[in-house]
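Participant:
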DNA sequence: GTTAGCACTCACTTAACACGAGTGCTAATT
DNA sequence: AATTAGCACTCGTGTTAAGTGAGTGCTAAC
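Residue numbers (the numbering used here), protein chains in the order written: chain A, 1339 to 1686; chain B, 1339 to 1686.
Structure below.
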């Protein structure tokens, strides 16, 4: 029994129909709707074979067939036609580029919104982060009579400010001097590298202003942690409720629960970060509550090192073709916006 | 027909029972469960009166009664006992304080999470923002050979960094000079005040480095906008699905839709900002999709001017008493954490 | 190898019916 | 005059039974 051309045509018909209608597909439907030039009885025989091979299944005896995860996998890997974006979709993407978005979190929000609006699936997206958070510059500025401003810039241009309150603020020259010293001491350091040796050296050199050291180290730590903490934005969670496969509230609820936990999303996105495009179908998901969902992720790159991921979650009966084309378009898009952003100014 | 003591007792019983069970409450239930010393028949008579007065209603003839919005209003304003936090709740709040949270957005996330976990309602919270975004300080720092760093601090200590790329970077002294000049020119300005007069003056004075001016103005604008854009965090949306009043998927969906739009939430929270505590019951909500929800908001203050709001959404059959006590506790809590945060350092 | 025909399965719908919680009214009781 | 017991009535809910239809698998004919 081999997966001949006709079987593939039938499988394709089943998948297309099921993606569209969410109803099990019967042999007669295929015979009528898709002109394969064979009768429903023949189709029935082929379907029986396809079931035996594991590509389709029956939700219950005497019902039509639905694709199995394996069926979808075959579809995604070999059968699916790559779709081009249609006009409306292109317009949508365009409108996002042309708008003057100058903050990363805002860009992320809007991107997620656009994708979920376009696909009707739930979308999440992680902000671009670099792998190594190293300190590029440290600056100390006098702010007012009781506080100085500490500015930390990491190598991937992630920035952070901290106001440090002091009982007495040194004069400007002195601050400049300390600033220079700090810069030299910490430049190129990753957080892990700031060990006791460095600290005690700084402690010694900065003995005169040791009131400064504690808040500075604290600020440094907070900055490095923040630089490494991945921000995730989600949009279109409501779409889940529109799919008949989640008309069972308890299912919908458990999926929601999972999607609401940022850690889970971060882990999921991080795992897929190495691939440009990643499709996880149904049981391929490790998360229990996502066993009947599919997840498609695409990674965008700002540089080799700095990247983020967009993910889409929907029922396994998902319009893979559309989603992938939208994701590809959006990755292109977001890379463009981010590049223009980082040319002008970069925000922490 | 007056709202005598007995009627109030009965109303209270109905509300308590309905909050707990979500089932219409009948006269026999009250007679059995609450020892009011009167028979079910008497209760029936009183209930008939209460219905005429508009405090309760029947979902359909020959069913028990449920509280009307008016009934809840009376309950919230006059009948409800202020509850104290129980041990578990106090422990929860404590654990939040004691952890070392040093970033506002993280604090917000965690706060929202804690409240939704504690109450089982959907929670959202807006970050603290000052009313007036005025510029306190502007600084320009040399960053590397092709870029300078612009630091803007607003009066409520909101900060923003911007990298400005230049074809040629002036020497340090010159940058310092420009920095000082900018500081003087823009200090105390609100965005609206930066009109053509100021710009042309700066344009004139900075003629030599006019390549700087455009990005600076752009950065200024972005900063002021960001300072005024309110960030909202939400948690526990999944809880909505647990309430029988939203077992109708389409209802749940339309509520989700509303809650997902940050603008709506921001508007809602902003409207309640002047009150310490605000309760909107059912039809008192302007938003159509929230007509059978109640919203309770509490405002926390960092200073007179800088405040944010926590909001809880649930069915009108909400445990008002619990929610209000949790909110009060949390406001206290968050104010404490924020104050300690702003003493050490403040993040944009 | 393909197809027509047919018996069979099974989810889904509808109607009928009984059940029970709850009400409103009336008459008896306190 | 207020309260309560009693009773008829309403109406949502749950159950059962029958009917419907989409779909299958098998067999025999083409």
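Yeah, the Cβ is synthetic: ideal placement off N, Cα and C, and Gly gets one too.
1. By the 10 Å Cβ neighbour count, where 16 or more other Cβ atoms means buried, how is residue 1628 of chain B classified, buried or exposed?
2. Would you verify that the beta carbon of residue 1361 of chain B is, or is not, closer than 7 Å to some beta carbon of chain A?
3. Near residue 1344 of chain B, which residues of its chain fall below 8 Å by C-beta distance, leaving aside the five closest residues on each side in sequence?
4. Please report the straight-line C-alpha distance between residue 1306 of chain B and residue 1468 of chain B, rounded to a whole angstrom.
5. Whole angstroms is fine: what's the gap from residue 1684 of chain B's alpha carbon to residue 1409 of chain B's?
6. Does DSSP classify residue 1341 of chain B as helix, strand or coil?
7. Do residue 1388 of chain A and residue 1427 of chain A have their C-beta atoms within less than 7 Å of each other?
8. Could you check whether the Cβ of residue 1598 of chain B sits closer than 7 Å to any Cβ belonging to chain A?
9. Check residue 1404 of chain A in the structure and name its three-state DSSP category.
10. Quick one: is residue 1429 of chain B near chain A, going by C-beta distance under 7 Å?
11. Within the same chain, show all residues whose beta-carbon is closer than 8 Å to that of residue 1460 of chain B, passing over the 5 residues directly before and after it, in chain order.
12. Leaving out five residues before and five after residue 1584 of chain A in sequence, what residues of the same chain have Cβ atoms less than 6 Å from its Cβ?
13. Going by CA-CA distance only, name the one from A:1557, A:1347, A:1405 that's closest to residue 1630 of chain A.
14. Cβ of residue 1607 of chain B within 7 Å of Cβ of residue 1647 of chain B?
15. For the putative contact between residue 1450 of chain A and residue 1463 of chain A, defined by C-beta atoms under 8 Å, what is the C-beta separation to the nearest angstrom?
16. For residue 1497 of chain B versus residue 1499 of chain A, is the C-beta spacing smaller than 7 Å?
17. Express the C-alpha separation of residue 1382 of chain A and residue 1397 of chain A in angstroms, rounding to a whole number.
18. Does the segment 1349-1357 of chain B come close enough to the segment 1409-1426 of chain B that 3 or more CB-CB pairs lie under 8 Å?
19. So if I threshold CB-CB distances at 7 Å, which residues from the segment 1577-1598 of chain B count as touching chain A?
20. Name the DSSP beta bridge partners of residue 1482 of chain B, please?
21. Let me see if you follow: with CB-CB separation under 7 Å, is residue 1640 of chain B close to chain A or not?
22. Closer than 8 Å is the cut-off here; do at least three beta carbon pairs connect the segment 1417-1431 of chain A with the segment 1530-1546 of chain A?
23. Expressed to the nearest angstrom, what Euclidean distance is found between the alpha-carbon atoms of residue 1686 of chain A and residue 1660 of chain A?
24. Just how far apart, CA to CA, sit residue 1473 of chain A and residue 1505 of chain B?
25. Specify the secondary structure class of residue 1683 of chain A as computed by DSSP and reduced to three states.
26. With distances taken Cα to Cα, identify the nearest neighbour of residue 1671 of chain B among B:1393, B:1354, B:1417, B:1423.
27. Quick one: Cα of residue 1682 of chain A to Cα of residue 1559 of chain B, how far?
28. At the level of alpha carbons, what is the spacing between residue 1514 of chain B and residue 1510 of chain A?
29. With a threshold of 7 Å between beta-carbons, can residue 1671 of chain A be considered close to chain B, or not?
30. Return the chain-ordered ranges of every beta strand (DSSP E) run that is complete within the segment 1579-1639 of chain A and spans a minimum of 3 residues.
31. How far does the alpha helix (DSSP H) with residue 1370 of chain A in it reach, from first residue to last?
32. Which residue wins for smallest C-alpha separation from residue 1633 of chain B, given the options B:1508, B:1395, B:1641, B:1605?
33. Do residue 1523 of chain B and residue 1540 of chain B have their C-beta atoms closer together than 7 Å?
34. With a cut-off of 8 Å on the beta carbons, I'd call residue 1402 of chain A and residue 1364 of chain A a contact; round off their distance for me.
35. What does residue 1441 of chain B reach in chain A if we use C-beta pairs closer than 8 Å?
36. Alpha carbon to alpha carbon, what distance is there between residue 1635 of chain B and residue 1616 of chain B?
Facilitator: In this structure, then:
1. buried
2. no
3. 1374, 1376, 1384
4. Examination of residue 1306 of chain B is not possible in this model, given that chain B is present from 1339 through 1686 alone.
5. Residue placement at residue 1684 of chain B is flagged as unreliable, the pLDDT there being 39, under the threshold of 50; the coordinate-derived value follows with that caveat. Each residue's alpha carbon lies about 45 Å from the other.
6. coil
7. no
8. yes
9. strand
10. no
11. 1454, 1572, 1573, 1574, 1575, 1577, 1578, 1597, 1650, 1651, 1652
12. 1578, 1590
13. A:1405
14. yes
15. 5 Å
16. yes
17. 16 Å
18. yes
19. 1579, 1580, 1585, 1587, 1590, 1591, 1594, 1595, 1598
20. B:1485
21. no
22. no
23. Since pLDDT at residue 1686 of chain A reaches only 34, below the 50 mark, its modelled position is unreliable, and the value read off the structure follows with that caveat. Residue 1686 of chain A and residue 1660 of chain A: Cα-Cα distance of roughly 33 Å.
24. 24 Å
25. The pLDDT assigned to residue 1683 of chain A is 41, lower than 50, so where the model puts this residue is not dependable; a value taken from the coordinates is nonetheless given after this. Coil, per DSSP.
26. B:1423
27. Low per-residue confidence applies at residue 1682 of chain A: pLDDT is 49, beneath 50, and the placement is therefore not dependable, though the value from the model is reported in the following sentence. C-alpha separation (whole angstroms): 14 Å.
28. 12 Å
29. no
30. 1615-1619, 1631-1639
31. 1365-1371
32. B:1605
33. yes
34. 4 Å
35. 1560, 1564
36. 5 Å
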